[in-house]
Amino acid sequence: MLGALLLLLTATTQAQQSTRVAFGCCMDHSSRQDVWDAVNHAQPEVFVFLGNTLDVEADDMDDLLDAYEVFNRFRGPRVLRRGSAVMSVWNKNDYSISGHAGKTNPQRYAVRNHFLTFWREPATSERLFQEHGIAKSVIFGNEPQRVQVVVLDGRWNRDELEQVGWMERQTRRFNADLGPYQPNRAGDLLGDKQWQWLKEQLQKPAEVRILLSATPVLAPANGYDSWSMFPKEQDRLKSVLQELQPSGLILGVGDRLFGEFSNDDDYLSYPLWQVTAGSINLGSDTPYSSVYRDGQAYEESRYGQIEVIWKEQPELVLTLRDVDGRPLDSRRLTLSELQSN
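Each number in the working numbering comes from the position in the sequence shown (counting from 1) with 248 added on.
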């Protein structure tokens, strides 16, 4: 009888075990960041900053250094580091110098050194020396409860996006469905070496894979920064995923001041889901129309979370959360749904 009770308790404990990966982006580094109370209370195993953690247009390194000094005064992110594994990648605002937002940035090595120092990257980390930028991959947990977190670098080898003409920009200002950029049909985002690195990472054994990008992958080519504005790179990602058919893959993305769920059937033999986090404290934008959106968009979304519930039939719970950590919307998927045919 005691043995049966122990077995029941063990099964109950296993059913409650989970791995939580949360992520957010787009922050005014000098203003209140109320969301950290909720995030730190939830204690996700992993939190990923998906870029634009500084709200600054830096003319030189001093501007970036000053912004980081202000950011470092806030207690919430420091507490986060004590309770969760923290990963980070940059986007336009915390990478650019004098308008150089990609591989033409003349001070990108200096930006990288300070970025990784600020985020406490270990001195032995490959990110300090990689030729393909600061992409990073970590596997959390042991078999059969492994979650691979892959963070892409879409700035280091990025080609520029050109804006539409001045008159067209003025027209688009009054249309939330259209952004200021025109597609770069031959442009690069990752570069060949990061593509090779990504293929290697996706072939490592893991039950769940969370692929994180500072800019959305599933988005219309509507003039806002996304993978769809680099169609060559978007097609290459489709080719890589169709070739490798990695199981248990979910996308987490930033660079939008609203949260949403999206999915598409063209990348894998099972639906590819994307969670867009929303803004940590920058307010919101009017959501544009998207054929990929599942349900509605949430202007009050402050971060996204992907929780893997480890039970006999593992489940993934995708959630958009508000400033108090309350779920705005969620999707529940079984891990068996995210397997190649």
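Ideal placement from N, C-alpha and C gives every residue a C-beta, glycine not left out.
| Check | Outcome |
| --- | --- |
| Residues near residue 515 in its chain [Cβ-Cβ closer than 6 Å; skip 5 each side] | 486, 489 |
| Three-state class that DSSP yields for residue 562 in the structure shown | coil |
| C-alpha gap between residue 555 and residue 522, whole angstroms | 14 Å |
| Residue 332: first and last residue of the uninterrupted alpha helix (DSSP H) it sits in | Counting along the chain, residue 332 falls outside any alpha helix (DSSP H), and DSSP gives it neither H nor E. |
| Any 3 or more C-beta pairs closer than 8 Å across the segment 451 to 470 and the segment 500 to 513 | yes |
| At least three beta-carbon pairs within less than 8 Å, the segment 526 to 544 to the segment 553 to 567 | no |
| Residue 416 (DSSP reduced to helix, strand or coil) | helix |
| Residue span of the alpha helix (DSSP H) that contains residue 290, given as start and end | 283 to 290 |
| Residue ranges of each beta strand (DSSP E) within the segment 482 to 546, 3 or longer | 497 to 501, 507 to 512, 520 to 525 |
| When 291, 286, 288, 322 are compared against residue 302, the one with the closest alpha-carbon | 322 |
| Nearest candidate by alpha-carbon position, reference residue 400, set 362, 444, 434 | 444 |
| Beta-carbon proximity check, residue 573 vs residue 290, cutoff 8 Å | yes |
| 3-residue-minimum beta strand (DSSP E) runs that sit fully inside the segment 344 to 410, ordered along the chain | 384 to 388, 395 to 399 |
| Segments assigned alpha helix (DSSP H), at least 4 residues, entirely inside the segment 428 to 468 | 440 to 450 |
| Limits of the alpha helix (DSSP H) - the one that residue 315 falls within | 309 to 319 |
| Of the residues 268, 273, 266, the one placed nearest residue 549, counting alpha carbons only | 273 |
| CA nearest to the CA of residue 378, picked from 344, 357, 389 | 357 |
| Given 8 Å, three or more beta-carbon pairs between the segment 440 to 455 and the segment 410 to 419 | no |
| Cross-strand partners of residue 551 (DSSP beta bridge) | 569 |
| Rounded C-alpha distance that separates residue 452 from residue 396 | 9 Å |
| Bridge partners - residue 297, DSSP secondary structure assignment | 272, 336 |
| Coil, strand or helix - residue 302 by DSSP | coil |
| Inter-residue spacing [alpha-carbon to alpha-carbon] between residue 571 and residue 506 | 13 Å |
| Given residue 271 as reference, the closest of 527, 473, 431, 311 once Cα atoms are compared | 527 |
| CA-to-CA distance, residue 360 to residue 569, given in whole angstroms | 30 Å |
| Neighbourhood of residue 336 by C-beta distance below 6 Å, restricted to the same chain and skipping five residues each side | 297, 367 |
| Assigned secondary structure, residue 580 (DSSP; H/G/I helix, E/B strand, else coil) | strand |
| Identity of the residue in 310, 318, 325, 308 nearest residue 283 by Cα | 325 |
| Among 471, 384, 276, 563, the one whose alpha carbon lies nearest that of residue 432 | 471 |
| Given residue 403 as reference, the closest of 345, 511, 531 once Cα atoms are compared | 345 |
| Own chain residues within Cβ distance below 6 Å of residue 394, not counting five before or after | 387, 454, 455 |
| Residue from 267, 365, 496 with nearest C-alpha to residue 389 | 267 |
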